[in-house]
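Please read the structure below before turning to the comments.
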Amino acid sequence: MKRYRAFLGLGSNVGDRQRSMNHAAREIDALAETRVVGSSSVYETEPYGKTDQPKFLNAVIEIETAIPPADLLKELKIIEQRTGRTTSEKWGPREIDVDVLLYDGLVHDDATLHVPHPELEKRKFVLVPFREIAPDVVHPINGMTIEELARACKDSGRVVMTSHKILL
């Protein structure tokens, strides 16, 4: 069975943020035909979009998976619920958020899933941890590397590496 390389963004700003991110990563690693093969450091970041809320912890993980993108998204939504996600306000506070950032060079756009993530190049809180683990990965639409996207990003939000790591 063919395995694909995908990158997922993890974020949390409610409750025990680190615990939620670790739990989600373990659940992802436990998915059939899927394993976490890399993880960035954990960064504390300013809220994006809706700024009157607590700071986030963010990280990017790399996975190998045989799960097709739409099915992977369904699994990630289940993991979010099992990890305690109760909030759904756009850009609002959340216990856990897991986004598909890139999926093996695929371009996919339908009502439920957009890959690459449509906000990827605008979000420093994603690009900084992504650059840490995969600076040379190429965005399949604009042809820029993650390193180039991070350098070109206009987002002025603060992104600070913490001493935390994603624990599987």
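Counting the sequence shown from 1 gives a position; my numbering is that position plus 48. Note that the Cβ used here is the ideal one computed from N, Cα and C, for glycine as well.
- When the alpha-carbon of Pro95 is set against those of Val174, Thr210, Ile181, the nearest one is in Val174.
- Taking the Cα positions, Glu128 is about 16 Å away from Phe104.
- In the displayed model, Arg179 falls within a helix according to three-state DSSP.
- Per DSSP, Met69 is one residue of the alpha helix (DSSP H) stretching across 65 to 77.
- Nearest to Ile181 by C-alpha distance, out of Thr131, Ser87, Leu150, is Ser87.
- Taken atom to atom, the span from the alpha-carbon of Asn61 to that of Arg142 is near 6 Å.
- Residues Tyr96, Asp203 of the same chain have their beta carbon placed closer than 7 Å to that of Arg171, with the five preceding and five following residues left out of the count.
- Annotation: Asn70 to Arg179 spans about 20 Å, alpha carbon to alpha carbon.
- When the beta-carbon positions are compared, Val148 and Ala73 stay at least 8 Å from each other.
- Taken through DSSP and simplified to helix, strand or coil, Arg83 comes out as strand.
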